[in-house]
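Q: Okay, handing you the structure first.
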Amino acid sequence: MQESFSALDFEARFLALLALSTVRASGLPHVAIGRSPGLGEWISLLRDLRVRLRGTGPGSPGQRVAQAMTEVLVRYDEGIPEAPPELRATKNLRDHVSHGGAIPAGLSPVVDALVRAISDIIAECLSDAVLTLTDDGSHELRPVVTWGDTDVSLWPFMYAKADGSWHVFARYAGNRPDYLAFGAANYRSRPGNDELVAALDLLLKSKRGPDDPRELFRIEVENDLGVFADVVGTPQYFDHPHGFGYEWGKSVSEGTQLRRDYFRVGPDGHEWQDEQDWVPYRTYLRKLSNWPIVASRLRHKLEEVERQLAQEETEQLGWQPDVGGHREAHVEVTEYDGGNPRKKSFSQLIDEVDADLGVETGQTQVFFVNGEAGIGKTRAMVKAALNRARKVEQHQGDSPLFLYVKSTGRVLDDLDAAVNHAVALTQNLTAERVKVLCGKGLIALLIDGFDELLGGAAYSDAIDSLQDWLDALGGRGVLVVSARSSYYMNQYRSSVQRASKATSASVRHSIAQVLRWTPAEIVSFLGDYDVPAARFERLPTGDRELLGLPFFARAFAEMCRSGDYEASDAEGPSFTERLLNHYLAREERKLAYQTDSASALLNRDELRRTFEHVAEIMVDGREGLRERLQVLCGLATESVTRGPIRFRFQHEVFFDNFLAGIVARHLRAGRLAAFQRLLSRSEWRTGTVSGVVAAVNTELLIDALADVRLPAVQSSAASRDTAATNLGAMWTEIIRKAAEMPDWPIVDATFAGPLDLSHTKVGNASLVNCRLESLTLPAGTGWKLQLDRTRVKKITAGAEQTDLSGLRGVHHGDLMELLFRPRPFFYRRPDILEALRARGVGVVDAPKTSSAVVPVRVEAARHYLKNLVEYASSTLILKDNHQPDDHRLKWTQEYPDEWRPFVARLTKAGLARPEKFSAKGSRKIKLRLQFGAAKILDEACDVPQIKDFWAAAKG
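Everything in the sequence shown is counted per this note's numbering, starting at 1 for the first residue and increasing by one.
This is the structure in structure tokens:
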């Protein structure tokens, strides 16, 4: 039946082109046709041209062709009476077959008879005409049909060649027309005669511009079908009265399904025509993907992930099946610069993901999910993905799916490899198809442990790891990226900020910090295990805080349930040490010669040292034990199809603490080179930092940190960033533990988290070449804190502190915010400088007196660019009046009269380019920077466009 409908398509095409040629020969106004017409447009043309040609004289070619069109349309409109009621219209049955629908029994002969009848009508119309071929000297012969004394030239719609082949216009492909070829070696031809191409172009509808909404949608559909097409060949475009269509082939279990699909830009956006009506384009992509089956297979895989997590806890930790009810994680969501904080449950975060997937914002939303080891990131993401897969499988609404992607024990080449591994079970999705579905809001990627997946933290340019996906998504979709620490996020931001050229991706970033459980939540959880609240309340303060991490709360409950935890006085080991000892004792028993033997291959101390050395190997990336450690005491090697095998502990909590153990051993033994090497390999999480500080004499540790000089010992920017971040974390923990800041200089440290000195004794301290996100100053007076080549983004002090003369060396130009709690706030640079000077702060980047006032437009430009650097994106979505569409960008309103002139100067200097994009609601534009914001902020830069921008701002 497919072949019969293809023949019907050709018959309608031939008759319509004959009628168009007859209209021209009759002296009537020409009717332009689409550049790639389909059956719908040919039938519409027949109805229109029939009316036009009826008025020609009796016996004329016009009346002959009009009569033929009338008879053909009568047969076509009769439809297929033998078909089911919903398929009796000829086009309905044709579309049903083209969409892969089952062919009703007994209808093939009926359709064949319709095709033969129409063929006979056309043959009768031409029965007494004379065909001649005119040679104009080119390779294409011009066919002419003559009735009596009236010539009807079919050129340029048709032409012949000397070899006897005939060629009929099919469609435009690129910048040249394609013709159906009959009697030639290939079934399609492309004429080389420029005169023919030019003549044809005059008879077709004008080509749509690149910004035309339908043309943009057509390109999108063609790209999408190119990804979903499983057979060799390019999807073939055609026009139809309501929009456009494509013919293409899709592999199915029975072979190749030839499809013909129709699309349009409808009143509600991009649409596809199913057998009943026009429906959203996303519905079409769900149908292509076999959505319920995909959801079912993902649900099966996620249930297996949950079973594996529980099995590992039972086999490797000795835990009993979980009896506690599920407790949802909570997060604090902020913008990339830490602003606009709001607390919400993880399900509310998922609702926010759904909201971002459901609208065209012009920017890909990236959520960085951060949290301590053991805080429950993995379970929260698995649970969210599993719940959604079950909902979609049960056909509950049109919710998107969440594709859970995790490290599988190998360092993978790239994210594509990880996604391909995650969707292999679905059998009909690939990484490229997932990109399409992500871009259409049908799938959100939940990437768990991304820094681990790509081989650790110390890679050179973090943005590269996501760049291909961000580019492919084109400012749409959502990625949720979980990392084992904040390192990846910080590296990503640094990569964006260091870039001299703006990235091509259009991205909006948010941070979701997973929060510890409250004491009430801990007590409720322990109650599920029959652990009384009093037992929790008797714990030392540090251990009570630690149980805010779900992993430790579960471990405590299991130890209480099994009788392995015994209360002791405050001088006993910490709960972390008890947990490690319990873990080691269990592993020691596994290595006993016999089940009842008292001796083992390795005793507990030897096991601890073994695990510590393995943690060091994991950080260093050495593979020396690969062949020997297949499964040892909760340390496993896993394999997938690609990448080198990598060891992993059952839980990252153990890795963190065994790494702390080897670092402490190096320090106590005076092996400073080994300590500094590990300092630069990967960022140490909270467990490692606190473990080292607890295990090493404070004076010895301070001496070791003071000896580190990063530029002298680190070979790459990534290694320097890693070591600097670890230095900052170590100093923060030392200061917190001692409640005192050392008097000797702290050098080359990056404080990624807040450095709060409000309850700290500070004598004569100094920070040299450091970077601080947030600094809270000591209370009272009499303290001294010197900042030497040190940059701080936010400074906080008490509103009652009028004397801050102990603070020296401040670069006020680096400050994004100055806060005197509970108020006031200062954001503008002149206001910040005035407030600092009023309180006696030593400011080094401004003169003590000002002889000239800096123009407001210059201060505004500096303010906007500094915030764009923190925003870490090269695009902004603006309303038609050039005001930001995102209400959270409050920094754009600090100089309310300067924002539009600032945008205008950026654009005029060639530093930004406005782009249109498709979105519902009021018209919006995408402002895309052509250089990195940090580079534009450099007023001494010699790039001509940047020089022009600052000259205009200062002039």
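Ideal Cβ positions, reconstructed from N, Cα and C, are used throughout, including at glycine. Computed from a predicted structure; not experimentally measured.
The beta strand (DSSP E) spanning Glu3 covers which residue range?
A: Translated into positions along the sequence shown, residue 3 becomes position 3. Segment 2 to 25 is the alpha helix (DSSP H) holding Glu3; no beta strand (DSSP E) there.
Q: By Cβ distance below 6 Å, which residues in the same chain neighbour Ala770 in space, the five residues on each side in sequence not counted?
A: Counting from 1 along the sequence shown, the entry for residue 770 is found at position 770. Reading off the sequence shown, one finds Cys at residue 770, where the question assumed Ala. So the qualifying residues of the chain are Ala749, Thr790.
Q: By DSSP, does Ile80 sit in helix, in strand, or in coil?
A: By one-based count along the sequence shown, residue 80 stands at place 80. Note: Ile80 maps to coil in three-state DSSP.
Q: From what residue to what residue does the beta strand (DSSP E) around Val145 run?
A: As a first step, residue 145 is located in the sequence shown; it is residue number 145 there, counting from the start. It spans 142 to 147 - the beta strand (DSSP E) in which Val145 sits, taken as one unbroken run.
Q: According to DSSP, is Pro847 part of a helix, a strand, or is it coil?
A: Your numbering for residue 847 matches position 847 in the sequence shown. The answer is coil: DSSP assigns Pro847 none of H, G, I, E or B.
Q: When you compare the segment 426 to 438 with the segment 341 to 351, are there three or more beta-carbon pairs, one atom per stretch, that lie closer than 8 Å?
A: no
Q: Assuming Gln311 is part of the beta strand (DSSP E), what are its boundary residues?
A: Residue numbering aside, residue 311 sits at position 311 when the sequence shown is read from its first letter. Note, Gln311: premise wrong, no beta strand (DSSP E); alpha helix (DSSP H) at 291 to 317.
Q: Counting beta carbon pairs with one atom in the segment 683 to 692 and one in the segment 650 to 661, are three or more of them shorter than 8 Å?
A: The segment 650 to 661 is in contact with the segment 683 to 692.
Q: Find the nearest neighbour of Arg47 within the set Pro61, Ala66, Gly62, judged by alpha-carbon distance.
A: Stepping through the sequence shown from its first residue, residue 47 is reached at position 47. If we check each option's Cα against that of Arg47, Ala66 comes out closest.
Q: What residue range does the alpha helix (DSSP H) around Lys947 cover?
A: Walking along the sequence shown from the start, residue 947 turns up at place 947. Start and end: 944 to 954.
Q: Going by DSSP, what residue range makes up the alpha helix (DSSP H) through Arg557?
A: As a first step, residue 557 must be located in the sequence shown, where it is residue number 557. What sits at residue 557 in the sequence shown is Ala, not Arg. Looking at the DSSP string, the run of the alpha helix (DSSP H) that includes Ala557 is 550 to 562.
Q: Sorted by chain position, which residues of the same chain lie with C-beta nearer than 7 Å to Val523's C-beta, five sequence neighbours on each side aside?
A: For the purposes of this step, residue 523 is taken as residue 523 along the sequence shown, with counting starting at 1. Around Val523: Ala533, Phe536.
Q: Skipping 5 residues on each side, what residues in its chain have a beta carbon closer than 7 Å to that of Ile375?
A: Counting from one through the sequence shown, the residue named residue 375 turns up at place 375. Within the same chain, Ile375 has close Cβ partners Val514, Arg516, Leu549, Pro550.
Q: Looking only at DSSP bridge pairs, what is His984 linked to?
A: Given that the chain is displayed from residue 1 to residue 955, the structure contains no residue 984 and the question cannot be resolved.
Q: Go to Thr426, then tell me how far its alpha helix (DSSP H) extends in each direction, as first and last residue.
A: The sequence position of residue 426 within the sequence shown is 426, counting from 1. Note, Thr426: premise wrong, no alpha helix (DSSP H); not H, not E.
Q: Would you kindly work out how many angstroms separate the C-alpha atoms of Pro104 and Ala83, rounded to a whole number?
A: Here the question's residue 104 lines up with position 104 in the sequence shown. Here the question's residue 83 lines up with position 83 in the sequence shown. Roughly 7 Å separates the two Cα atoms.
Q: Mind pulling the beta strand (DSSP E) runs of 3 or more residues that sit fully within the segment 770 to 841?
A: Under the rule that a run must span 3 or more residues, the beta strand (DSSP E) segments found entirely inside the segment 770 to 841 read 784 to 788, 794 to 798, 817 to 821.
Q: Could you name the residues that DSSP lists as bridge partners for Ile447?
A: Translated into positions along the sequence shown, residue 447 becomes position 447. Val405, Val481.
Q: From what residue to what residue does the beta strand (DSSP E) around Trp42 run?
A: Reading the sequence shown from its first residue, position 42 is the one you call residue 42. Looking at the DSSP string, Trp42 is not in any beta strand (DSSP E); the run it does join, the alpha helix (DSSP H), is 39 to 53.
Q: Could you compute how far the alpha carbon of Thr610 sits from the alpha carbon of Glu652?
A: For the purposes of this step, residue 610 is identified with residue 610 of the sequence shown, where counting begins at 1. For the purposes of this step, residue 652 is identified with residue 652 of the sequence shown, where counting begins at 1. Those two C-alpha atoms are separated by around 16 Å.
Q: If you draw a straight line from the alpha carbon of Phe244 to that of Arg264, how long is it in whole angstroms?
A: Against the sequence shown, residue 244 aligns to sequence position 244. Against the sequence shown, residue 264 aligns to sequence position 264. Cα to Cα, the separation comes out at about 6 Å.
Q: Excluding the five sequence neighbours on either side, which residues of its own chain have a C-beta within less than 6 Å of the C-beta of Leu962, listed in chain order?
A: Residue 962 lies beyond the residue range present for the chain, which begins at 1 and ends at 955; the question has no answer from this structure.
Q: Measure the C-alpha to C-alpha separation of Glu939 and Glu859 and round it to an integer number of angstroms.
A: Against the sequence shown, residue 939 aligns to sequence position 939. Against the sequence shown, residue 859 aligns to sequence position 859. The straight-line gap from Cα to Cα measures roughly 12 Å.
Q: For Gly34 versus Lys205, is the C-beta distance shorter than 8 Å?
A: Here residue 34 is taken as the residue at index 34 of the sequence shown, counted from 1. Here residue 205 is taken as the residue at index 205 of the sequence shown, counted from 1. A contact, by the Cβ cut-off of 8 Å.
Q: For Gly269, report the span of its alpha helix (DSSP H) as first-last.
A: Stepping through the sequence shown from its first residue, residue 269 is reached at position 269. Where Gly269 is concerned, there is no enclosing alpha helix (DSSP H), although the beta strand (DSSP E) it sits in stretches over 269 to 273.
Q: Checking 8 Å against the spacing of the C-beta atoms, do Ala797 and Leu787 come in under that value?
A: Residue numbering aside, residue 797 sits at position 797 when the sequence shown is read from its first letter. Residue numbering aside, residue 787 sits at position 787 when the sequence shown is read from its first letter. Not closer than 8 Å, so no.
Q: Within the continuous alpha helix (DSSP H) that includes Asp583, where are the two ends?
A: Translated into positions along the sequence shown, residue 583 becomes position 583. Going by the sequence as given, residue 583 is Tyr instead of Asp. Start and end: 575 to 590.
Q: Pull the bridge partners of Met158 from the DSSP assignment, please.
A: Working through the sequence shown from its first residue, we reach residue 158 at position 158. Answer by DSSP bridge pairing, in chain order: Val168.
Q: State the DSSP-derived secondary structure class of Tyr871, mapped to helix, strand or coil.
A: Along the sequence shown, read from residue 1 onward, the residue named residue 871 stands at position 871. Reduced to three states, the DSSP call for Tyr871 is helix.
Q: Check Val366 in the structure and name its three-state DSSP category.
A: Start at 1 with the first residue of the sequence shown, and residue 366 comes out as number 366. Strand, per DSSP.
Q: Over what stretch of residues does the beta strand (DSSP E) that includes Thr132 continue unbroken?
A: Working through the sequence shown from its first residue, we reach residue 132 at position 132. It spans 130 to 134 - the beta strand (DSSP E) in which Thr132 sits, taken as one unbroken run.
Q: Looking at C-beta atoms only, is the number of pairs between the segment 91 to 100 and the segment 49 to 64 that lie closer than 8 Å three or more?
A: no
Q: Name the residue from Asp151, Leu317, Asn387 whose alpha carbon lies nearest to the alpha carbon of Asp564.
A: By 1-based counting over the sequence shown, the position of residue 564 is 564. Ranking the options by Cα distance to Asp564, first place goes to Leu317.
Q: Let me make sure I understand the geometry here. Which of Glu773, Ala799, Arg821, Ser60 has the alpha-carbon closest to that of Ala729?
A: Here the question's residue 729 lines up with position 729 in the sequence shown. Out of Glu773, Ala799, Arg821, Ser60, Glu773 has the C-alpha closest to the C-alpha of Ala729.
Q: Does the segment 197 to 204 come into contact with the segment 179 to 189, if we say contact requires no fewer than three beta-carbon pairs (one atom in each stretch) closer than 8 Å?
A: Two segments are said to touch when three or more pairs of C-beta atoms, one from each, lie closer than 8 Å; by this definition the segment 197 to 204 does not touch the segment 179 to 189.
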